[in-house]
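*Asks:* 88 is the number of the first residue of the sequence shown in the numbering used here; add one for each residue after it.
A virtual CB, placed ideally from N, CA and C, is assigned to each residue, including glycine.
Since we're looking at a predicted model, the values are computed, not measured.
First, the structure itself, so that you have it in front of you.
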Amino acid sequence: LGTLAMVNKGPDTNGSQFYITLRSGLDFLDGKYTIFGELAEGEEVLERINASYCDKHNRPYRNIRIKHTHILEDPFEEELQPAEEPASPPPARDDRPEADDEIVSALFV
88 LGTLAMVNKG PDTNGSQFYI TLRSGLDFLD GKYTIFGELA EGEEVLERIN ASYCDKHNRP
148 YRNIRIKHTH ILEDPFEEEL QPAEEPASPP PARDDRPEAD DEIVSALFV
């Protein structure tokens, strides 16, 4: 539950799609896509995303954007780390008509 991964949209597209799994037992994805991390906290956020109403192409009617994440455990400890992690930016209202977003945050490791 909560694996964060990326899939390429296809040859010569220069585009990627990110996804977060909502269940376990997805062994058929092993070795096919790039995994970045997994959900460590905030499962209720993932459940809210999953509960979104979608169209017939499984696209949510409202845009969902993850505006900020927090890395709980850095696998690259040998690299120089900042003395203190920067604070999350304050929430900002986007008044563009196409930006009818649900602002959600999730914590990944």
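Tell me the start and end of each unbroken alpha helix (DSSP H) in the stretch 128 to 162 that is at least 4 residues and wholly inside, in chain order.
*Replies:* 130 to 137
*Asks:* Touching or not, the stretch 122 to 138 and the stretch 94 to 104, by the rule of three or more beta carbon pairs under 8 Å?
*Replies:* no
*Asks:* What does Y106 pair with, by DSSP beta-bridge criteria?
*Replies:* A92
*Asks:* Would you kindly work out how many angstroms separate the C-alpha atoms of L88 and D142, rounded to a whole number?
*Replies:* 24 Å
*Asks:* Grouping DSSP H, G and I as helix and E and B as strand, with all else coil, what is L113?
*Replies:* Reduced to three states, the DSSP call for L113 is coil.
*Asks:* Compare the C-alpha of H155 against each of L116, R110, P177 and name the closest.
*Replies:* P177
*Asks:* Measuring CA to CA, which of N101, D161, D99, N150 is closest to I136?
*Replies:* N150
*Asks:* So if DSSP puts T121 in a beta bridge, which residue, or which two residues, is it bridged to?
*Replies:* M93
*Asks:* Is V196 helix, strand or coil when you go by DSSP?
*Replies:* A caution first: V196 carries a pLDDT of 43, below 50, which makes its placement in the model unreliable, though a value can still be read off. Reduced to three states, the DSSP call for V196 is coil.
*Asks:* Below 8 Å on the Cβ atoms is my guess for I153 versus L133; work out the distance and round it to an integer in Å.
*Replies:* 10 Å between Cβ atoms; not a contact.
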